[in-house]
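With our numbering applied, the sequence shown corresponds to residues 36 to 260, in that order. The beta carbon of each residue, even a glycine, is placed where N, CA and C say it ideally should be. These notes concern the structure reproduced below.
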Amino acid sequence: MRTRSQDVTEILRDWILTGAVAAGERLEEVPLAERLGVSRTPVRAALTLLANEGLIDYLPKRGYLVRSFSADEVFAAYEVRAALEGLACRLAATSGIPDEAAATLRACVAEGDRYLDKGHLAEDDFRPYQAMNVTFHDTILRLSGNVWAERFVNQTHGIPFVSDRIILWHDYGVILRSHNDHHRIAEALINRQAARAEDLMREHVYFAGLFLRENFHRIGLGQNA
Numbered sequence: 036m037r038t039r040s041q042d043v044t045e046i047l048r049d050w051i052l053t054g055a056v057a058a059g060e061r062l063e064e065v066p067l068a069e070r071l072g073v074s075r076t077p078v079r080a081a082l083t084l085l086a087n088e089g090l091i092d093y094l095p096k097r098g099y100l101v102r103s104f105s106a107d108e109v110f111a112a113y114e115v116r117a118a119l120e121g122l123a124c125r126l127a128a129t130s131g132i133p134d135e136a137a138a139t140l141r142a143c144v145a146e147g148d149r150y151l152d153k154g155h156l157a158e159d160d161f162r163p164y165q166a167m168n169v170t171f172h173d174t175i176l177r178l179s180g181n182v183w184a185e186r187f188v189n190q191t192h193g194i195p196f197v198s199d200r201i202i203l204w205h206d207y208g209v210i211l212r213s214h215n216d217h218h219r220i221a222e223a224l225i226n227r228q229a230a231r232a233e234d235l236m237r238e239h240v241y242f243a244g245l246f247l248r249e250n251f252h253r254i255g256l257g258q259n260a
């Protein structure tokens, strides 16, 4: 059974990773407890854990502040993701995609089509589109059979805006390009085109990192290095 502190930690982590709380913003126990409708105890435990994860810093007399990440740090994490998820595609395609997994990938692509056929990603569609994106990437990582690739990719998700759970839904052009990549990646995987699948995934993730680096100040992650 999940504890209240785990729930609070997940909420605060999501706020940090998605930029809902800005780099350098102060996180105080009492306001957070009131906002979340909990006591200070689970908030205190969550802040301690997030500090240990490196997402927030504790400064004497100032309390907890959301850590600033440089553009280079964020982009470096995307480079790691690109290499490892590309490897995952090559391994998965080489082994062959089981029918059930192929159906999952096709369903993800079809679901994304439905959301984007409107000419924009509606705010109500953001969460389901986000979940679809996670399913697509997680399915490929599992199919690779390489637990280390999966583990290290998951570690990069602990840096703001690096996770596959991040969708820049205000920029329809970026989302559409990303989803069109999914079409080509799924096709290459199912057709066992290992080298093509690897190249497509590398470019897919690399482009996302490049976009974030070029728009770093507008997105507001922190200070450029």
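On a CA-only basis, which of the options is nearest residue i? Give me that one, please.
i	options	result
Gly-72	Gly-180, Arg-39, Glu-249, Val-182	Arg-39
Phe-246	Ala-223, Ile-175, Ala-106, Thr-83	Ala-106
Phe-171	Asn-181, Pro-163, Asp-159, Cys-143	Cys-143
Phe-196	Asp-159, Gln-165, Arg-75, Leu-67	Gln-165
Phe-242	Asn-87, Asp-216, Tyr-150	Asp-216
Asp-206	Tyr-113, Glu-158, Asn-87, Ala-111	Glu-158
Phe-104	Val-209, Ile-210, Gly-54, His-239	Gly-54
Gln-228	Asp-173, Arg-37, Arg-125, Arg-75	Arg-125
Leu-178	Asp-49, Arg-102, Asp-134	Asp-134
Leu-90	Ala-58, Ala-127, Asn-168	Ala-58
Ser-130	Ile-225, Arg-37, Arg-61	Ile-225
Asn-181	Leu-67, Ala-127, Arg-237, Arg-248	Ala-127
Tyr-93	Leu-62, Ala-68, Glu-108, Glu-69	Leu-62
Ala-221	Ala-123, Glu-249, Arg-37	Ala-123
Leu-140	Phe-110, Thr-174, Ala-230	Thr-174
Ala-160	Arg-37, Ile-210, Val-78	For the record, residue 160 in the displayed sequence is Asp; it is not Ala. Closest option to Asp-160, Cα to Cα, is Ile-210.
Ala-232	Leu-176, Met-36, Glu-69	Leu-176
In whole angstroms, give me the CA-to-CA distance for residue i and residue j.
i	j	result
Leu-100	Leu-235	38 Å
Ile-51	His-155	25 Å
Ala-138	Ile-132	10 Å
His-214	Gly-147	7 Å
Asp-152	Arg-97	48 Å
Glu-88	Arg-162	25 Å
Arg-212	Arg-149	15 Å
Asp-49	Arg-102	14 Å
Ile-194	Ala-112	8 Å
Gly-208	Val-169	19 Å
Thr-76	Glu-64	9 Å
His-239	Val-56	27 Å
Pro-95	His-218	50 Å
Arg-248	Thr-191	16 Å
Glu-114	Met-167	22 Å
Gly-244	Asn-189	16 Å
Ala-68	Phe-251	31 Å
Val-109	Arg-70	29 Å
Arg-37	Ser-74	16 Å
Pro-66	Glu-60	13 Å
Arg-237	Ala-230	11 Å
On the DSSP bridge list, what partners appear for residue i?
i	result
Val-101	Ile-91
Leu-62	Tyr-99
Shorter than 9 Å from the beta carbon of residue i to some beta carbon of chain C?
i	result
Glu-158	Absence of chain C from the displayed structure is noted, only one protein chain being present.
**Q.** At least 3 beta-carbon pairs within less than 8 Å: the stretch 117–128 vs the stretch 181–188
**A.** yes
Q. For the 8 Å Cβ check, are there 3 or more pairs between the stretch 78–95 and the stretch 43–57?
A. yes
Q) Which ranges would you report for the alpha helix (DSSP H) in the stretch 121–205 if only whole runs of at least 4 residues count? A) 134–151, 161–179, 182–191
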